[in-house]
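Colleague:
2 protein chains.
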Amino acid sequence: MKLENTKAQMRKGVLELCILSIISEGEIYPTEIIEKLKDSKLIVVQGTLYPLLTRLKNAGLLEYTWKESTQGGPPRKYYQATSLGREFLQGLISTWDQLQHAVNQSTKNLTNNE
Amino acid sequence: MKLENTKAQMRKGVLELCILSIISEGEIYPTEIIEKLKDSKLIVVQGTLYPLLTRLKNAGLLEYTWKESTQGGPPRKYYQATSLGREFLQGLISTWDQLQHAVNQSTKNLTNNE
DNA sequence: CTCTCTAGTTTGTATTGCATAATAGTGAGG
DNA sequence: CCTCACTATTATGCAATACAAACTAGAGAG
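From first to last, the protein sequence lines are chains E and W. Residue numbering for the first sequence is 1 to 114, as defined by my numbering. Residue numbering for the second sequence is 1001 to 1114, as defined by my numbering.
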């Protein structure tokens, strides 16, 4: 039984929250999202991010526009949150909060509660 | 896209932590675990719990003994954590803490940080 | 012109854990 | 015997990561 494995399982559902949150702050393209996540100690690779973005877009939570790269590379796909996406984000935040409380309650006196 | 679905995904990996934590407090049988989780607003059904317990047992993190029911029903399977299980639990707690911080950092100013 | 490199996007496979549903056995009481 | 409450078991389906591989656009060098 690998701790790494449980870690990956714990990330499920959570990445959606983080990524939707980052995008709701303003339009951004995928490589920048990866950077921002890395800053928060959440390492995500393209193979995970792109299907996730596509999923959210297909659900109407995101939309994208193509823009020229500022550095003379290929064009970039800038994403922004729709109003539905912002709504959904609130739901995710609430869900995350509840989960946090529930877990910390279950493991009371064992975790660093903050 | 269902919020319920994301909620289920968020629980992955987390139930392991909660359940191992509850068991590490002292021996307990499955129905009681379900009750304790319910108290913490974590609803779990048998079909989820039993395979999880079996997994943890097979990994050497738990062990069990059979005891007569105190209420004249079928016998009960009391679980306790092994020392390996207690060790692993510390790793899970640490992992959960890191994830909490990372997520709250990613969603800063949007969540109720506690 | 072609090739190389960097930047950016796409997609398929494998793995794993939860949700759900159904089933089965034990003990006590009628 | 049957019924009920209690307790345990297991299979199937679904979904999201991890990982790897592949592809494309634009710029610069030869």
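For each residue, glycine too, the CB sits at the ideal point set by N, CA and C. Just so you know, these numbers come straight off a predicted model, no measurement behind them.
Exposed or buried, E:W66, counting other C-beta atoms within 10 Å across all chains shown (16 or more means buried)?
Modeller: So E:W66 counts as exposed.
Colleague: Where does W:T1107 sit, in a helix, a strand or coil, going by DSSP?
Modeller: It is coil, neither helix nor strand.
Colleague: Just checking: is the beta-carbon of E:T6 within a distance shorter than 8 Å of some beta-carbon in chain W?
Modeller: By this cut-off, E:T6 is an interface position.
Colleague: Could you work out which residues of chain W lie near E:E16, taking near to mean beta carbons separated by less than 7 Å?
Modeller: Correct list: T1006.
Colleague: May I ask which residues mark the beginning and end of the alpha helix (DSSP H) holding W:K1067?
Modeller: Taken as a continuous stretch (DSSP letters only), W:K1067 belongs to no alpha helix (DSSP H), being part of the beta strand (DSSP E) at 1062–1067.
Colleague: Helix, strand or coil for E:Q9? Go by DSSP, reduced to three states.
Modeller: Helix at E:Q9.
Colleague: Got a sec, what are the start and stop residues for the alpha helix (DSSP H) W:K1038 sits in?
Modeller: Run containing W:K1038: 1030–1039, per the alpha helix (DSSP H) assignment.
Colleague: Compute the distance between the beta-carbons of W:L1015 and W:L1062, then report whether it is under 8 Å.
Modeller: Not in contact: W:L1015 and W:L1062 (Cβ atoms no closer than 8 Å).
Colleague: In terms of DSSP beta bridges, what is E:K77 paired with?
Modeller: According to DSSP, which records beta bridges pairwise, E:K77 is partnered with E:W66.
Colleague: Could you list which residues in chain E have their beta carbon closer than 7 Å to that of W:A1102, in chain order?
Modeller: Within 7 Å Cβ-Cβ: S40, K41, L42.
Colleague: If W:I1028 and W:Y1078 are in contact, beta carbons under 8 Å, what's the gap, nearest whole angstrom?
Modeller: Contact flag correct, Cβ pair sits at about 7 Å.
Colleague: Using CA atoms only, rank isn't needed, just tell me which of W:I1023, W:K1012, W:Q1098 is closest to E:A5.
Modeller: According to the sequence displayed, residue 5 of chain E carries Asn and not Ala. Ranking W:I1023, W:K1012, W:Q1098 by Cα distance to E:N5 puts W:K1012 first.
Colleague: Just the C-alpha distance for E:E68 and E:L37, rounded to the nearest angstrom, thanks.
Modeller: Roughly 23 Å separates the two Cα atoms.
Colleague: Roughly how many angstroms separate the alpha carbons of E:N113 and W:D1097, rounded to a whole number?
Modeller: Here the model assigns E:N113 a pLDDT of 48, short of 50, so the residue's position is not dependable and the matter cannot be decided.
Colleague: For E:G26 and chain W, any beta-carbon pair shorter than 8 Å?
Modeller: So no, E:G26 is outside the interface.
Colleague: Is the shortest distance between the beta-carbon of E:W96 and the beta-carbons of chain W less than 8 Å?
Modeller: Yes - at least one Cβ of chain W is within 8 Å of the one on E:W96.
Colleague: Residues of chain E with CB under 7 Å from W:K1057, in chain order?
Modeller: In chain order: nothing, as chain E lies at least about 11 Å away.
Colleague: Please list the terminal residues of the continuous alpha helix (DSSP H) segment that includes E:I43.
Modeller: It is not in any alpha helix (DSSP H) - E:I43 carries neither H nor E in the DSSP assignment.
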